[in-house]
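For the sequence shown, the numbering used here assigns the number 404 to the initial residue and increments by one for each residue that follows. No residue lacks a Cβ here, since even glycine has one placed at the ideal position from N, Cα and C. Following: one structure in structure tokens, then a few remarks.
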Amino acid sequence: MLDRVETDHVEMAGRSTRPASLLEAMRDRTKALHVTAERTGLVAELLRGRGTVQAYALLLRNLLPVYEALEADLVGHQGTPVVGLIVRPELHRSAAIRADLAQLDATDLTVLPEAIAYVRAIREAGSGSGHPLLAHAYTRYLGDLSGGQIIKKILARSLGLQQQALSFYEFSAIGDIPLFKDEYRGALEQAGAAMAEHEAVVEEAATAFQLNIALSQALQQASGLGSRERE
């Protein structure tokens, strides 16, 4: 999902060693999960060009409450010295998802239990200091800016979707995506250096990937594409 970040390790007397780079630690912890996320579930179907418009709409419908929860909690912590470093309204996807669902005439689809569990985890991450939200922002937004751009091209080609139905992957407020990604990684690193719950945030990144995988697999089954995985 992310380019490798060069890092070293800092050992503090009387304390356990921890990576100086939060990004490197999250990347290493989620490497295997990242591979699983790309190879299973509805995401795999979309990447193979084997999705359907209905399946894509169901994905959007189930991601909507996830982004609504994440963005509400991020904004709720925007005045804090750690989470505030990564609050970027230009990344917010809720309005774009709602626009795509309206374009696809698919606003009344079912929200699956896996999406509800995902929302519950985000709300828990946003309680207290809210520092675990860093892991969810890392997983979702950097994924949207990277692999999401590949999915967008595949959906346009395989499903014949017009740009009006793909605004989820459009970041019109960001002029230079590669530059923005570098700046956002830097903000995550600054936030990591400013907090104490380093290991908890790294583990939350793994949880975020697991939630994504569970939702993707459930969406594959709900959309009727589950049997294709064995083909």
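- [ ] Taking the CB atoms as reference points, tell me whether Leu359 and Leu628 lie closer together than 8 angstroms.
- [x] Outside the shown range of the chain (404 to 634) lies residue 359, about which nothing can therefore be said.
Task: Collapsed DSSP secondary structure at Leu507 in the structure displayed - done: DSSP places Leu507 in the coil class of the three-state scheme, outside both helix and strand.
Task: Selected residue, minimal CA-CA separation from Asn465, among Leu504, Gly454, His495 - done: Leu504
Task: Residue of Ser626, Ala599, Gln457, Ala625 minimising C-alpha distance to Ser532 - done: Ala599
Task: 7 angstroms CB neighbourhood of Phe571 in its chain, flanking five on each side removed - done: Contacts found: Leu463, Arg496, Ala499, Ile500, Asp503.
Task: CB of Val456 within 8 angstroms of CB of Leu507, strictly - done: yes
Task: Whole-number beta carbon distance between Ala594 and Leu488, since they are thought to touch under 8 angstroms - done: 4 angstroms
Task: CB of Leu562 within 8 angstroms of CB of Gly482, strictly - done: no
TODO: Give the straight-line distance between the Cα atoms of Leu639 and Ala609, rounded to the nearest whole angstrom.
DONE: The question about residue 639 has no answer, for the chain in this structure spans 404 to 634.
- [ ] State buried or exposed for Arg523, treating a residue as buried only when at least 16 other CB atoms are found within 10 Å of its CB.
- [x] exposed
Open item on the list: When you compare the CB of Leu558 with every CB in chain D, is at least one pair closer than 8 angstroms?
Closed with: Protein chains in the displayed structure number just one, and chain D is not present.
TODO: With distances taken Cα to Cα, identify the nearest neighbour of Val486 among Ala625, Ala617, Phe612, Ala597.
DONE: Ala597
- [ ] Pull up the distance between the alpha-carbon of Gln624 and that of Leu450, whole angstroms please.
- [x] 16 angstroms
TODO: Answer yes or no: do Thr439 and Ile554 have a C-beta to C-beta separation smaller than 8 angstroms?
DONE: no
Task: Cutoff 8 angstroms; reference Leu569; Cβ partners in own chain excluding five residues on either side - done: Spatial neighbours of Leu569 in its own chain (CB-CB distance under 8 angstroms, excluding positions within 5 residues in sequence) are listed in chain order as Asp503, Lys555, Leu558, Ala559.
Open item on the list: Spatial neighbours of Val478 within its chain, please: C-beta separation below 7 angstroms, excluding the five flanking residues on both sides.
Closed with: Val490
Open item on the list: Beta-carbon within less than 8 angstroms of Glu474's beta-carbon, same chain only, minus the 5 sequence neighbours each way: which residues are those?
Closed with: Short of 8 angstroms from the beta carbon of Glu474, and not among the five residues preceding or following it, lie these beta carbons of its own chain, in chain order: His495, Arg496, Ser497.
TODO: Counting only the same chain and skipping the five closest in sequence on each side, list residues whose C-beta sits under 8 angstroms from that of Met415.
DONE: Here the model assigns Met415 a pLDDT of 32, short of 50, so the residue's position is not dependable, and the following value carries that caveat. Cβ within range, chain order: n/a, list empty.
TODO: Within 10 angstroms of the Cβ of Arg430, are there 16 or more other Cβ atoms? Answer buried if so, exposed if not.
DONE: buried
- [ ] Give me the Cα-Cα distance between Ser424 and Glu592, rounded to the nearest whole angstrom.
- [x] 6 angstroms
- [ ] Over the uninterrupted alpha helix (DSSP H) stretch that includes Leu467, give me the two end residues.
- [x] Going by DSSP, Leu467 is part of the alpha helix (DSSP H) stretching over 456-479.
Task: Closest residue to Asp511 among Leu467, Leu614, Asp476, Gly578 (Cα-Cα distance) - done: Leu467
TODO: Determine the extent of the alpha helix (DSSP H) in which Ile352 is found, giving its start and end residues.
DONE: The requested residue 352 does not occur in the structure, where the chain is confined to residues 404 to 634.
Open item on the list: As a quick exercise: from Ala603, Arg588, Tyr521, Leu548, pick the residue whose alpha carbon is nearest that of Ala611.
Closed with: Tyr521
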